[in-house]
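*Asks:* I have a structure here, written as structure tokens, and I will follow up with some questions on it.
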């Protein structure tokens, strides 16, 4: 029970840095997101400009929540974020190149302790504490957004690896010599197919290499995006449905490989691509099962995150702040 | 320090069941294999016949070591062995099909407590306790024998997964729609290429689809095996060297994917294929690095097990017996 006579830091800040947008929220001990906001990740080529804008926006929320004295700390989820060093290193989907001491920079600006991890790891922690993975000791979280991230939990613990960078399932090679990833220079990675960007390129490829009729043919290629493909698919457009079938085939293969690696009881999917529902889930499940050896078949649940839009990552990131010292 | 005035069980039995042969040994607390032996895994289609033969052979060693009273227990490593249930389930490379309650059967025969795990998991424990992985908290053990097995250690713990079957890297799909695995019915798995059997089939494929001169052309195809390919390669046979180059290309890709999953500080390789030394290691290293995104490059050591022939698995299996209760 809460002892209200003791003054204590009751709030944490969770920040989720994505390839496109950065979401942040003020979270209480029970996992309620009290206030939240968002800025673009891509406005500033210099990380300091980004942190300044973040500080301006978050300061408004901090004031609303009773001032900086209420806060225990800040947790940050970011692509290629390193839990051990607090740095972002060579993140292919962020505008800041090389090694960025992000935790230190945010700490200096906000005067609060900062813990950083990979954005998908943060989401996994959020799902484990408040979401679809509550009570699970072995699961894999996969975020299907602009890019593809993952967080792996085994024996009830997040797997960080020797250097803090474990869980880059999005960069595993699923189609050798396949589609080029412009950010990494590697061919055939999961992220090149099972992301919003991947869906866009698959659609353009199908439009260019087939004569299948499609309402998407009336849209200039530069304007095709995953949202338009989704809208065409739910209206029954066959080509758009083939895009999801193809994407699910590759995602299903990647999930099968992940299952044969760490044998989770569930895979939690999160992010824009999951909004397509059975259009993507049905082929994903089918091709996962088809690629599993018998001992793994019909055992692994594919769950869709039911946490509110991006809350998983904000909640997970904020959970890091409670953990800190 | 040992207190010799106290009579205690000082010995354990380690059993390593492989696709071809089953090795066993009597191990003391310091990891010395005092006595050991081997039988074929393939003589008996009925698992009870196999256990009877194992009992006859091991009883001789048990007598030599001072009788059953000296023994704490038995640890068994076997393909598809389940740590939680003590069963072997649907092992594609073993003659016994379905779900076999192996631990229970051995326990009944030997009247000693039995702990079972995956053969590669047992090898990983052996390497961690006595071998190349001593002191490592994050590594992956890969056994390249008749088949391909793996054991994954993260945060200093072996990853068993929710059902005890984690670490089946050999069955992950590396080449979609690739070579058929006769045991699993799946196409393009690592095991179909980076195993003794895989080397044999790659050689036959190269002999059939190219006109490259090779001393292997004088051997009837049915008689080609990985040993003959190795002998040709060390004599400079170009086709045999291409076999290793091709095998290393696929193994390297699989290692890159494994690294991006759990970010180990080292990968320990073990088994027949590693005897080819740089013939296989050089292309494996090159293609692993080529498929890694920057943040993982030039960090992961590829180590060769230096434990004596199969001792890793016997030692690892025996270590399970010390653990037990």
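Chains as they are written, first to last, in the numbering used here: chain A, 77 to 401; chain B, 77 to 401. Heads up, the beta-carbon is just placed ideally off N, CA and C, and yes, glycines get one too.
In chain order, what residues of the same chain lie with their CB nearer than 8 Å to the CB of residue 83/A, ignoring the 5 residues before and after it?
*Replies:* The residue you call residue 83/A lines up with position 7 of the first chain. Note that residue 83/A scores a pLDDT of 46, beneath 50, so its modelled location is shaky; the value from the coordinates is reported in the next line. So no residue of the chain qualifies.
*Asks:* Please determine, among 206/A, 337/A, 218/A, the residue with the shortest C-alpha to C-alpha distance to residue 270/A.
*Replies:* Here the question's residue 270/A lines up with position 194 in the first chain. When 206/A, 337/A, 218/A are compared, the shortest CA-CA separation from residue 270/A is found for 218/A.
*Asks:* If you measure between the beta carbons of residue 266/A and residue 279/A, is that distance less than 8 Å?
*Replies:* Here residue 266/A corresponds to residue number 190 of the first chain, with the count starting at 1. Here residue 279/A corresponds to residue number 203 of the first chain, with the count starting at 1. If you check the CB distance, residue 266/A and residue 279/A do not come in under 8 Å.
*Asks:* Using a 10 Å radius around the Cβ and a threshold of 16 neighbouring Cβ atoms, would you call residue 128/A buried or exposed?
*Replies:* Residue 128/A sits at position 52 when you count from the first residue of the first chain. Residue 128/A should be labelled exposed.
*Asks:* Okay, do the region 368–378 of chain B and the region 120–127 of chain B touch, 3+ Cβ pairs below 8 Å being the bar?
*Replies:* no
*Asks:* Can you give me the C-alpha to C-alpha distance between residue 310/A and residue 290/A, rounded to a whole angstrom?
*Replies:* Against the first chain, residue 310/A aligns to sequence position 234. Against the first chain, residue 290/A aligns to sequence position 214. Their backbone Cα atoms lie some 13 Å apart in a straight line.
*Asks:* Using the three-state DSSP reduction, which class does residue 302/A fall into: helix, strand or coil?
*Replies:* Taking the first chain and counting its residues from 1, one reaches residue 302/A at position 226. Correct three-state label for residue 302/A: helix.
*Asks:* Quick one: what does DSSP say residue 83/A is sitting in, helix, strand or coil?
*Replies:* In the first chain, the residue the question calls residue 83/A occupies position 7. Note on residue 83/A: pLDDT 46, under 50, position unreliable in the model; the coordinate value appears next. It is coil, neither helix nor strand.
*Asks:* Along chain A, which residues have their Cβ under 9 Å away from the Cβ of residue 239/B?
*Replies:* Reading the second chain from its first residue, position 163 is the one you call residue 239/B. Result: 214, 339, 341, 371, 372, 375.
*Asks:* Under 8 Å, Cβ to Cβ, is there at least one residue of chain A near residue 336/B?
*Replies:* As a position in the second chain, residue 336/B is number 260, starting the count at 1. Chain A, which has a Cβ nearer than 8 Å to the Cβ of residue 336/B, makes this yes.
*Asks:* Against chain A, with Cβ distances strictly below 8 Å, would residue 272/B count as a contact?
*Replies:* Stepping through the second chain from its first residue, residue 272/B is reached at position 196. Judged by the 8 Å Cβ criterion, residue 272/B is not in contact with chain A.
*Asks:* Indicate whether at least one CB of chain E lies closer than 8 Å to the CB of residue 323/B.
*Replies:* Protein chains A and B are contained in the structure displayed, whereas chain E is not.
*Asks:* Consult DSSP for residue 328/B and reduce its assignment to one of helix, strand or coil.
*Replies:* Residue numbering aside, residue 328/B sits at position 252 when the second chain is read from its first letter. In this structure, residue 328/B counts as helix in the three-state DSSP scheme.
*Asks:* Would the region 168–180 of chain B and the region 196–213 of chain B be scored as touching if the rule is three or more Cβ pairs under 8 Å?
*Replies:* no
*Asks:* Pull up the distance between the alpha-carbon of residue 243/B and that of residue 352/A, whole angstroms please.
*Replies:* Against the second chain, residue 243/B aligns to sequence position 167. Against the first chain, residue 352/A aligns to sequence position 276. Taking the straight line from one Cα to the other gives about 32 Å.
*Asks:* Roughly how many whole angstroms lie between the Cα atoms of residue 87/A and residue 362/B?
*Replies:* Position 11 of the first chain, counted from the start, is the residue given in the question as residue 87/A. Position 286 of the second chain, counted from the start, is the residue given in the question as residue 362/B. Each residue's Cα considered, the two are about 48 Å apart.
*Asks:* Going by Cα to Cα distance, which pick from 281/B, 373/B, 393/B, 93/B is closest to residue 221/B?
*Replies:* Here residue 221/B refers to the residue found at position 145 of the second chain. Scanning 281/B, 373/B, 393/B, 93/B for the CA closest to the CA of residue 221/B turns up 93/B.
*Asks:* What residue from 350/A, 139/A, 175/A, 252/A has the CA that sits closest to residue 378/A's CA?
*Replies:* By one-based count along the first chain, residue 378/A stands at place 302. For residue 378/A, the nearest C-alpha among the options comes from 350/A.
*Asks:* My assumption, with CB atoms under 8 Å, is that residue 259/A sits in contact with residue 168/A. Please give the rounded CB distance.
*Replies:* Here residue 259/A refers to the residue found at position 183 when the first chain is read from its first residue. Here residue 168/A refers to the residue found at position 92 when the first chain is read from its first residue. Contact between residue 259/A and residue 168/A holds: their C-beta atoms lie close to 3 Å from each other, under 8 Å.
*Asks:* Scan the region 242–263 of chain A for residues whose Cβ lies nearer than 8 Å to a Cβ of chain B and list them as they occur along the chain.
*Replies:* 242, 243, 244, 245, 247, 248, 249, 250, 251, 252, 260, 262
*Asks:* Could you check if residue 345/B is buried or exposed, using at least 16 other CB atoms within 10 Å of its CB as the buried criterion?
*Replies:* Against the second chain, residue 345/B aligns to sequence position 269. Buried, by the Cβ-count rule.
*Asks:* Span of the alpha helix (DSSP H) holding residue 144/B?
*Replies:* Taking the first residue of the second chain as position 1, residue 144/B is located at position 68. Element bounds for residue 144/B: n/a, residue is neither H nor E.
*Asks:* Which residue comes first and which comes last in the alpha helix (DSSP H) that contains residue 364/A?
*Replies:* Position 288 of the first chain, counting from 1, holds the residue named residue 364/A. Run containing residue 364/A: 354–367, per the alpha helix (DSSP H) assignment.
*Asks:* Under 8 Å between C-beta atoms, does residue 329/A make it to chain B?
*Replies:* Position 253 of the first chain, counting from 1, holds the residue named residue 329/A. Taking a beta-carbon distance threshold of 8 Å, residue 329/A counts as an interface residue toward chain B.
*Asks:* Mind checking which residues open and close the beta strand (DSSP E) that includes residue 241/A?
*Replies:* Reading the first chain from its first residue, position 165 is the one you call residue 241/A. Annotation: residue 241/A is outside any beta strand (DSSP E) and is labelled neither H nor E by DSSP.
*Asks:* Does the CB of residue 165/B have a neighbour CB from chain A at under 8 Å?
*Replies:* Your numbering for residue 165/B matches position 89 in the second chain. By this cut-off, residue 165/B is an interface position.
*Asks:* To be precise: take each residue of the region 168–201 of chain A, compare its Cβ to all Cβ atoms of chain B, and keep it if any distance is under 8 Å. Which residues remain?
*Replies:* 168
*Asks:* How many whole angstroms separate the CB atoms of residue 150/B and residue 165/B, which I take to be in contact at a CB cut-off of 8 Å?
*Replies:* Here residue 150/B is taken as the residue at index 74 of the second chain, counted from 1. Here residue 165/B is taken as the residue at index 89 of the second chain, counted from 1. Rounded, the Cβ-Cβ distance is 19 Å, inconsistent with contact.
*Asks:* Buried or exposed: residue 381/A, going by 16 or more other Cβ atoms within 10 Å of its Cβ?
*Replies:* The residue labelled residue 381/A in the question sits at position 305 within the first chain. Buried is the call here.
*Asks:* According to DSSP, is residue 374/B helix, strand or coil?
*Replies:* Translated into the one-based positions of the second chain, residue 374/B becomes position 298. Here residue 374/B sits in coil by DSSP.
*Asks:* Which runs of the alpha helix (DSSP H) fall wholly inside the region 239–289 of chain B and span at least 4 residues, in chain order?
*Replies:* The qualifying runs are 272–285.
*Asks:* Do you know how far the Cα of residue 316/B is from the Cα of residue 300/B?
*Replies:* As a working note, residue 300/B is residue 224 in the second chain. As a working note, residue 316/B is residue 240 in the second chain. For residue 300/B and residue 316/B, the distance between alpha carbons rounds to 11 Å.
*Asks:* If we define contact as Cβ-Cβ less than 8 Å, is residue 156/A a contact residue for chain B?
*Replies:* As a first step, residue 156/A must be located in the first chain, where it is residue number 80. Yes, residue 156/A lies at the interface with chain B (some Cβ there is under 8 Å from its Cβ).
*Asks:* Specify whether the region 89–106 of chain B and the region 386–393 of chain B touch according to this definition: at least 3 beta carbon pairs, one from each stretch, less than 8 Å apart.
*Replies:* yes
*Asks:* Residues of the region 217–230 of chain B with a CB closer than 9 Å to any CB of chain A: list them in chain order, please.
*Replies:* 226, 228, 230
*Asks:* Is the beta carbon of residue 245/A sitting closer than 8 Å to the one on residue 197/A?
*Replies:* Position 169 of the first chain holds residue 245/A. Position 121 of the first chain holds residue 197/A. Result no, Cβ atoms of residue 245/A and residue 197/A do not sit closer than 8 Å.
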